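Read through the structure below, which is laid out as structure tokens, and then see the notes.
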Amino acid sequence: MINVIKITNSLGLHARASSKLVKLTNKFSSQINISKGNLVIDAKSILGILSLGASFGTEIEIKTVGEDEELAMREIIDLFHNKFGEER
Amino acid sequence: MSIEKSGLPISPGFSVGNALLINQAKTIVKKKKIKNSEIVREVNLFQAAVEESKNEINKMKLNDDNQYKIEHIEILDFNILILEDEILAGEVIDMITKKQINAEWALNKVLVNKSKEFSLVKDLYMQERLADFYYIAERITKNLRGLNQDLFEIKNNTILVAHDLSPIDALKYCKDGKVKGILTDLGGATSHTAIIARSLGIPTIMSLINISTSIEPGQRIYVDGYKGKVKWKVNKNEKNELTDLKNKYSSLQRNLFEFSKLTGETKDKRIISIKANIEISSEVKMAQKYGAEGIGMYRTEFLFTNKEYFPSLEEQYLDYVCLFNQDFFDEVTIRTLDIGGDKIQDYTHLENNPALGLRGIRYSLANSDVFKTQLNAIFKVISNKKKKIRILLPMISNLDELEESISIIDETKNKYLIDPKLVSLGVVIETPSAALLIKEICNKVDFISIGTNDLIQYTIAADRTNETLGDIISHYQPSVLRMLKLISNEIPDNTYVSICGEMANDVNCLPIFIAMGVKELSMNYYSIPKIKGVIHDLSFKDCNEIFNECLKYTCPKEVKKELVGLIKNKMPSYSSIINYEI
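As they're listed, the protein sequences go chains H and W. In terms of the numbering used here, the first sequence is residues 5 to 92. In terms of the numbering used here, the second sequence is residues 14 to 595.
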């Protein structure tokens, strides 16, 4: 599955948000990648996510491939939509 | 002979203690070829070292005793995730196997390669996170060598001295309250270690060049985290002076909480808003703790200097948004860029006299793209967050500059859907020229802020960083008082006047500002409780008398003596309050 999403939490994918995302992605068996422009990273790697440097307003593409790809995508999108639980 | 060094003040407080030198040098990573038959063993060793490192951090979490704050746990978790990063570990194992090299070298190599990717990330905060990966690599390397055991015991009144300190070590060493200070060669204000030091209230100074090689173990050191200064090998006199200073600081600390809760109100019910000047957006937390009622000036230079590029609109937006974190303040004041040739890393345009050169608004108008980017970031915050921001323009010296700035500001503002009530514009009155044009300036803006530091420097034509000038640059100089009187006579009624600059936190000058009818004083956050403690004992009427009286004197020493005498007269508690002066 592929989905494009815009980062809407004001701090972007900083340390705390990246931690939450990595904890989530590692629950799934599917291969999960995030890309920004030409840069593609493995979303199960904290180093990978931080190296995206994805700040507020950045558009990223999420790709999930595997048995639980649908559930993975849904939960990842939810996390982004909930702004990582940071903002009320 | 005593020795003094200055660095970046990271966490305020004053302490005395004995130096404990830790990890004096960074572990030097060694490269070693391994045999085919040794590969499996090396991979196992690496995995065991990672596991051991993880256990160390997990153990810290387990032995918590509820002492950790949420930000501590988050930093620990973040570090655990680095250790659990299978992609990272996979690359290291891959390198050990394919290149037949030892684990510590492979780990370092992988990180160096990753650093190149990180250098593309144009966000200072995210770049600083790379430091955490290196700290973890250091921890793994030490465990690989079986060296990650502390061979020292932390005694009471310890001052930690290190080349660099990881957040995990900072937390581990400082948890039980025996550490009274942290000094490091490296480090910056947004590092995780700085966040921990501030949250634990440990006086901390970073970027103290060569401190770890200058200090002997056990050396008695005085740490002034308010000013970013350390002193050691002091003689008897200096020792007494420092002890006095320490006592003053601690009585301030004791009364801090009480005073910080007061409002700035004179005896005759005139309200003066007491706000904080800050240099880093995360300081809002400390400002709030010390009783600030708002941010009277956010100096944005920190975002722009010490960098090879200027921050993007996004980067600035993210930073300015942090000013509203946790809803401490409803309104903040952002001073637009006040840098000159001396602070920009552009050596093609060296100026002979940067203080009088293309700085402040002059620079912004000459580089309007830089100015517009900053304004766009500010308006974006206002439009997205619906928060009030006051824009403050530095170094205005004539009306053309002001008009040109206003037209750029309006043009930028019109691109956003903004409630006009959320924006106000002010000028820093800091050149004698602006002081002489005060009436016309006030008619064009919503407020003014008298920047005493530069106003004094330019009025007296004396460099305030030149320590040999002594009293020449004192704010008790009669010319300074007359300049303030002149401004206050010319200001149209009902103008909102703020004072920012060190003079605002000198208790002795408080009557001058009250007499001038200022509505706001903005200062270093740690001076706020002291000023709040004094303001209640003064009345507008008394202050008027005091100001008029001290204008009669012609020598700064007399002015000061007179001010102190008059205040003491009106305010019996003066002698006890003055002890809170930092």
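We put the beta carbon where it would ideally sit given N, CA and C, even for glycine. Here the structure is a predicted model, which means the values were calculated and not measured.
Contact under 7 Å by Cβ, residue i with residue j
{"i": "Ile224(W)", "j": "Leu255(W)", "result": "no"}
{"i": "Ile66(H)", "j": "Ile53(H)", "result": "no"}
{"i": "Leu599(W)", "j": "Phe131(W)", "result": "Only positions 14 to 595 of chain W appear in this structure, which leaves residue 599(W) out of reach."}
{"i": "Val436(W)", "j": "Leu406(W)", "result": "no"}
{"i": "Phe460(W)", "j": "Tyr509(W)", "result": "yes"}
{"i": "Leu89(W)", "j": "Ile109(W)", "result": "no"}
{"i": "Glu55(W)", "j": "Ala102(W)", "result": "no"}
{"i": "Ala517(W)", "j": "Phe560(W)", "result": "no"}
{"i": "Ala207(W)", "j": "Ile23(W)", "result": "yes"}
{"i": "Val134(W)", "j": "Gly89(H)", "result": "no"}
{"i": "Ser552(W)", "j": "Asp281(W)", "result": "yes"}
{"i": "Leu34(W)", "j": "Phe60(H)", "result": "no"}
{"i": "Thr346(W)", "j": "Arg403(W)", "result": "yes"}
{"i": "Leu415(W)", "j": "Val26(H)", "result": "no"}
{"i": "Thr386(W)", "j": "Leu326(W)", "result": "yes"}
{"i": "Leu184(W)", "j": "Ile209(W)", "result": "yes"}
{"i": "Gly231(W)", "j": "Asn31(W)", "result": "yes"}
{"i": "Asp484(W)", "j": "Pro569(W)", "result": "yes"}
{"i": "Ser350(W)", "j": "Ser377(W)", "result": "This sequence places Leu at residue 350(W); Ser is not what is there. Yes."}
Buried or exposed by the 16-neighbour rule on C-beta atoms within 10 Å, applied to residue i
{"i": "Asn502(W)", "result": "exposed"}
{"i": "Phe84(H)", "result": "buried"}
{"i": "Asn537(W)", "result": "buried"}
{"i": "Leu75(W)", "result": "exposed"}
{"i": "Gly304(W)", "result": "buried"}
{"i": "Thr361(W)", "result": "Residue confidence is low: Thr361(W) scores 48 on pLDDT, short of 50, so the model does not pin down where it sits. Its coordinate-derived value is still stated next. When all chains shown are included, Thr361(W) counts as exposed."}
{"i": "Gln490(W)", "result": "buried"}
{"i": "Leu124(W)", "result": "buried"}
{"i": "Pro25(W)", "result": "buried"}
{"i": "Gly70(H)", "result": "exposed"}
{"i": "Gly194(W)", "result": "buried"}
{"i": "Asp189(W)", "result": "exposed"}
{"i": "Asn365(W)", "result": "exposed"}
{"i": "Gly464(W)", "result": "buried"}
{"i": "Ile222(W)", "result": "exposed"}
{"i": "Asn13(H)", "result": "buried"}
{"i": "Leu160(W)", "result": "exposed"}
{"i": "Ile36(H)", "result": "buried"}
{"i": "Met174(W)", "result": "Note on identity: in this sequence residue 174(W) is Val, with Met being the wrong assignment. Buried, by the Cβ-count rule."}
{"i": "Ser492(W)", "result": "exposed"}
{"i": "Asn156(W)", "result": "buried"}
{"i": "Asp519(W)", "result": "buried"}
Beta-ladder partner(s) of residue i, from DSSP
{"i": "Asn7(H)", "result": "Ile66(H)"}
{"i": "Asn31(W)", "result": "Thr171(W) and Arg233(W)"}
{"i": "Phe460(W)", "result": "Gly439(W) and Tyr509(W)"}
{"i": "Ala245(W)", "result": "A quick correction: the sequence has Trp, not Ala, at residue 245(W). Its beta-bridge partners are Ile16(W) and Ile234(W)."}
{"i": "Lys288(W)", "result": "Ser535(W)"}
{"i": "Lys46(W)", "result": "Ile114(W)"}
{"i": "Ser39(H)", "result": "Val44(H) and Glu65(H)"}
{"i": "Arg312(W)", "result": "Arg348(W)"}
{"i": "Glu278(W)", "result": "Ile284(W)"}
{"i": "Val53(W)", "result": "Note: Val53(W) sits in no beta bridge, so no partner."}
{"i": "Ser24(W)", "result": "Thr217(W)"}
{"i": "Ile504(W)", "result": "According to DSSP, Ile504(W) bridges with nothing at all."}
{"i": "Lys554(W)", "result": "Bridge partners of Lys554(W): none, in fact."}
{"i": "Val192(W)", "result": "Thr171(W)"}
{"i": "Leu406(W)", "result": "Val440(W)"}
{"i": "Lys596(W)", "result": "Summary: the structure shown does not reach residue 596(W), with chain W confined to residues 14 through 595, and so no result is reported for it."}
Chain B contact for residue i (CB, 7 Å cutoff)
{"i": "Ser14(H)", "result": "No chain B is present in this structure, whose protein chains are H and W."}
Residue i Cβ short of 6 Å to the ligand SAH heavy atom set
{"i": "Leu33(W)", "result": "For the ligand SAH, the structure offers nothing, since it holds no ligand at all."}
Is the stretch 308–319 of chain W in contact with the stretch 362–371 of chain W, if contact means three or more CB pairs nearer than 8 Å?
-> Contact between the stretch 308–319 of chain W and the stretch 362–371 of chain W is absent, because fewer than three Cβ pairs lie under 8 Å.
Report the residues of the stretch 18–29 of chain H with a CB closer than 9 Å to any CB of chain W, ordered along the chain.
-> Within the stretch 18–29 of chain H, the residues whose Cβ lies closer than 9 Å to some Cβ of chain W are His18, Ala19, Arg20, Ser22, Ser23, Val26 and Lys27, listed in chain order.
Check distances from the C-beta atoms of the stretch 44–56 of chain H to those of chain W and list, in chain order, the residues that come in under 9 Å.
-> Taking 9 Å as the Cβ-Cβ cut-off against chain W, the residues of the stretch 44–56 of chain H that qualify are Ile45, Asp46, Lys48, Ser49, Ile50, Leu51, Gly52, Leu54, Ser55 and Leu56.
Taking a cut of 7 Å between CB atoms, which residues from the stretch 60–74 of chain H lie near chain W?
-> Taken in chain order, the members of the stretch 60–74 of chain H whose beta-carbon sits within less than 7 Å of a beta-carbon on chain W are Phe60 and Gly61.
The stretch 142–156 of chain W: which residues have C-beta closer than 9 Å to a C-beta of chain H, in chain order?
-> Against chain H - using a Cβ distance shorter than 9 Å - the residues of the stretch 142–156 of chain W are Arg142, Leu143, Asp145 and Phe146.
With contact counted as at least three CB pairs below 8 Å, one residue from each stretch, are the stretch 283–296 of chain W and the stretch 420–429 of chain W in contact?
-> Between the stretch 283–296 of chain W and the stretch 420–429 of chain W, the count of Cβ pairs shorter than 8 Å is below three; the stretches do not touch.
Using Cβ-Cβ distances below 8 Å, what residues of the stretch 217–248 of chain W are close to chain H?
-> Contacts with chain H (Cβ-Cβ distance below 8 Å) from the stretch 217–248 of chain W involve no residue at all.
Count the C-beta pairs between the stretch 257–273 of chain W and the stretch 519–533 of chain W that are closer than 8 Å, then say yes if the count reaches three, no if not.
-> Result no; under three Cβ-Cβ pairs closer than 8 Å.
Decide yes or no for the touch test of the stretch 334–346 of chain W against the stretch 560–579 of chain W: beta carbon pairs closer than 8 Å, at least 3 of them.
-> Put simply, the stretch 334–346 of chain W does not touch the stretch 560–579 of chain W. Fewer than three CB pairs are less than 8 Å apart.
Contact the stretch 538–551 of chain W vs the stretch 265–279 of chain W: 3+ CB pairs below 8 Å | Put simply, the stretch 538–551 of chain W touches the stretch 265–279 of chain W. At least three CB pairs are less than 8 Å apart.
For the 8 Å Cβ check, are there 3 or more pairs between the stretch 40–53 of chain H and the stretch 13–32 of chain H?
-> Verdict: yes, contact present.
According to a CB-to-CB cut-off of less than 7 Å, which residues of the stretch 100–114 of chain W neighbour chain H?
-> Contact residues of the stretch 100–114 of chain W toward chain H are Ile100 and Leu101 (C-beta to C-beta distance below 7 Å).
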